[in-house]
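Numbering follows UniProt numbering, in which position 46 of the sequence shown is assigned residue number 46; successive positions increment by one, without gaps.
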Amino acid sequence: MVQMSIQGFNISIVKEEKNHVRINGQKRNLPLTLGNGFLHLYPSGSSIVLYTAFGLALQYDWKHHLQVEVSLELYRLLCGLCGNANHSSSDNIIASNSTNVTETVDFTLPWVVNNDAGSCIEDCGGGVSCPLCTQSQAKSLPGVKGNSFKTGCTLLQRSGGPFADCHSYVDPEPFVRSCVNYLCVNEAASSMCKILTAYANICQKLGARMQNWRTITKCSMVCPMNSHYEICGSACPATCGNPEADRNCTLPCVESCQCNRGYLLSGGKCVPHSKCGCLYQGSYYLPKENFWIDEQCQQKCVCQPNSKMVMCAHSHCQDGEVCKTLNGVLGCHLEGPGMCIAKGDPRYTTFDGRNFDVYGNCTYLLTSHCPTWGDLEDFSVEVQNQIRDATNVSFRHVKMVVSGYNIELSDNWSNRVKVNGLLLRLPSVLDQGKVKLSMTGFSKSIETDFGVVVTFHSDVLTVQMPRIFSGNLCGLCGNFNGNPED
C-alpha cells in the first residue's frame, strides 16, 4: 500500500485495488480531482498517477512498481529512501550498485515508519539473510521454464534487442541483477516479467522507443473487452470522467491496453459513452452507484444511468446500523458479527440473511476472503455434502485453510480433528493461539485470532464472521455487504 498525506487529504492506494483510490479511508473511482485542482488522480496504462500542483508526481501499478518524480523546486528539500535529490548519490549512504544486503538494511532502517517499526522484518524471515545468487545459478533453476534467464534477464542488455534504445537512458545492469535475484528467490518466470515491465515503464517515461518484448518473453498483457494492446499508447486515456484527456496529453506514451474507437474507460472497463456514469463534485460515479455525501449518512445519492445526473435525497441508517466507513465504503453497516448457517434440512442462510437450498454430493466453498489481498487475513472454509434421502443432507467433511494450516472436521473422528494430515486430540492450540480448536458437547469449533469462528456438527454448520470482512467474501455464504440480493 502507498500512503500520502497532503492538503488535509489522507490518500491510500491499496495493492490490487485497481481503478480505485482511498481518500480519508473512503474508496473512490478514477479519475478524481481534489482541492480545487490541487490534486489530480487518473489511470495511465496499468497504473494510477497522482499529480500535484507543486510538481510532485507519483505512479503506482497497484502491485510492485512505484515511481516518484519531483520538480526542480523540490531538489535538496527531500529525505527518505529516494534520497535528497541533489544530483549526487554519494551522500545517499548506499551506492546504487551495491549488492550487500547488510548495507541495504542499514540504509533502510532510519526510514521505517514508526507505526510499522515493531512488525518490520529486515531479512527474509526467521533471521535468515536474503539469498543472493549468480547468473549461473539462475540458469540452472528447475522452476524457470523456457530458459527465462536467457530470453528474459539478459534480453535487457542485448544490443539490437527490444530494449536497445533504452540503454542510453537507463543502465540495464541493476535490473539484470534484480531479475537474477527474483528468479533465484521465486523460481518463476512471472517474477522476471515484473522486472522487465518495470524497466520498460521507466524507459518509456524517459522517451525511449521499445520494440515488442512481450512476444519474445511470453510476458503477455491481457486486455479487457473492447480494448486492444498498444506498445506505445496514450498515457492519458479518454475516460468517462474526462473524455478529452487523450487529446490534451503531453506525457510520453505508455505500454497499455487502449479502448477501441468509440469507447471510454469507466471503472477499468471500456464502455460506449451511453454507458458512462456521472461526474459530481470532482468525482466519477458508475451508473446506478449509490453513495453518501455526508459523514452522518443523512444524504444518500445515486448516479442515474439515463440522465447521467446525480440525484440525492434525505435518508438515515436503520435500527441496529451505524454510519461508518468499512473496507473503504461509507454507509450504514450492521453492528456485531455476521452469521452464516448451513442446516442438513438442507437450508443455507447467508451472512446477509438470504435463504436457499443446496442438494448434491459435492464439496462447496462456504466462504473465503475474496479477493485475497489487502490487510485482511486469508482463509477459506469448504463443506462436503452427503445426501441422506430426498429431503435431507448431512455434512461429511468441513475443511478450513487458515494461518498455514489445513484443518479438517468430521464426525468420524470423535473428539479429534485433522491438522495438516495428522489427527490431534481436542482441545488444541495452534501457533501460540492464532487458532484454537475445541469441542462443546457434540460440536467442534475452530476459532481464529481475527474473529472467524467455525462450529460444526453433522447436521448444523455455522460460521461467525467479524464485520471487518464485510464486502470482501466469496462463497455460498455470500459477500456480507448487507444486500441479500447480490
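Glycine residues also receive a C-beta, built at the ideal position from the N, C-alpha and C atoms.
How is residue i classed by DSSP in three states: helix, strand or coil?
i, result
"GLY451", "coil"
"GLY143", "Model confidence at GLY143 stands at a pLDDT of 42, short of 50, so the residue's coordinates are unreliable; what they give is reported in the following sentence. In this structure, GLY143 counts as coil in the three-state DSSP scheme."
"CYS323", "strand"
"TRP111", "helix"
"PRO174", "helix"
"ALA200", "helix"
"TYR182", "helix"
"CYS153", "helix"
"SER191", "helix"
"THR99", "At THR99 the pLDDT is 45, less than 50, meaning the model places this residue with poor confidence and gives no usable figure here."
"SER159", "coil"
"ARG76", "coil"
"PRO466", "coil"
"HIS40", "strand"
"LYS63", "coil"
"ASN412", "helix"
"ALA57", "strand"
"ALA390", "Since pLDDT at ALA390 reaches only 44, below the 50 mark, its modelled position is unreliable, and no value is offered."
"CYS166", "helix"
If you follow the beta strand (DSSP E) that residue i is in, where does it begin and where does it stop?
i, result
"ILE23", "20-23"
"THR52", "47-52"
"LYS418", "416-419"
"MET4", "2-6"
"PHE9", "9-13"
"CYS340", "338-343"
"VAL358", "Unbroken run through VAL358: none, as it is neither H nor E."
"TYR348", "347-349"
"ASN260", "No beta strand (DSSP E) contains ASN260, which DSSP labels as neither H nor E."
"GLY331", "329-334"
"LEU66", "66-70"
"TRP292", "290-292"
"VAL222", "Premise fails: VAL222 is in no beta strand (DSSP E) and is neither H nor E."
"TYR280", "278-280"
"MET439", "435-440"
"ARG28", "26-29"
"SER368", "363-369"
"LEU34", "32-34"
"LEU430", "428-430"
"SER283", "283-285"
For the candidate residues the options, whose alpha-carbon lies nearest to that of residue i?
i, options, result
"LYS300", "ALA53, ASN306, HIS316", "HIS316"
"LYS205", "VAL180, LYS444, THR250", "THR250"
"TYR42", "GLU173, GLY451, ARG158, PRO243", "PRO243"
"ASP459", "SER410, GLN296, GLY353, ALA198", "SER410"
"ILE13", "GLN464, ALA53, GLY45, LEU66", "LEU66"
"HIS64", "ALA53, CYS79, ALA57, SER47", "SER47"
"LEU56", "ARG247, ILE6, VAL419", "ILE6"
"TYR364", "GLY475, CYS79, TYR229", "GLY475"
"VAL310", "ILE202, GLU335, TYR280", "TYR280"
"LEU72", "MET400, MET439, ASP61, HIS87", "HIS87"
"MET225", "CYS232, LYS269, LYS194", "LYS269"
"GLY336", "TYR348, ASN327, VAL322", "VAL322"
"PRO484", "VAL68, ARG177, THR350", "THR350"
"PRO174", "GLY160, LEU196, SER159, ASP165", "LEU196"
"LEU461", "CYS477, SER191, GLN298", "CYS477"
"ASP61", "LYS15, SER159, GLN432, VAL358", "LYS15"
"PRO252", "GLY45, LEU32, VAL21", "GLY45"
"GLY471", "VAL70, LEU334, VAL254, CYS219", "LEU334"
"VAL302", "ASP319, LYS18, SER283", "SER283"
"ILE216", "THR154, LEU32, ASN355", "THR154"
From what residue to what residue does the alpha helix (DSSP H) around residue i run?
i, result
"THR215", "214-217"
Can you tell me which residues form a DSSP beta bridge with residue i?
i, result
"ILE407", "MET400, VAL419"
"GLY233", "VAL254"
"CYS303", "VAL310"
"PHE480", "Answer is none; PHE480 lacks a bridge partner."
"LYS205", "In DSSP, LYS205 forms no bridge with anything."
"CYS270", "LEU265"
"LYS444", "MET439, PHE456"
"ARG425", "ARG416"
"HIS228", "GLN258"
I'd like to know whether the C-beta of residue i is nearer than 8 Å to at least one C-beta of chain B.
i, result
"THR462", "Going by chain labels, chain B is absent from the structure shown, which holds only one protein chain."
Could you tell me if the beta carbon of residue i falls within a distance shorter than 7 Å of some heavy atom in the ligand MG?
i, result
"CYS312", "The ligand MG is absent from the structure shown, which contains no ligands of any kind."
Thinking residue i and residue j are a contact (beta carbons under 8 Å), I'd like their distance in whole angstroms, please.
i, j, result
"VAL419", "MET400", "About 10 Å; that fails the 8 Å criterion."
"VAL452", "SER403", "About 11 Å; that fails the 8 Å criterion."
"THR325", "GLY25", "5 Å"
"VAL417", "LEU426", "6 Å"
"LEU423", "TRP413", "6 Å"
"PHE469", "HIS314", "Actually they do not touch by this definition, with Cβ atoms about 30 Å apart."
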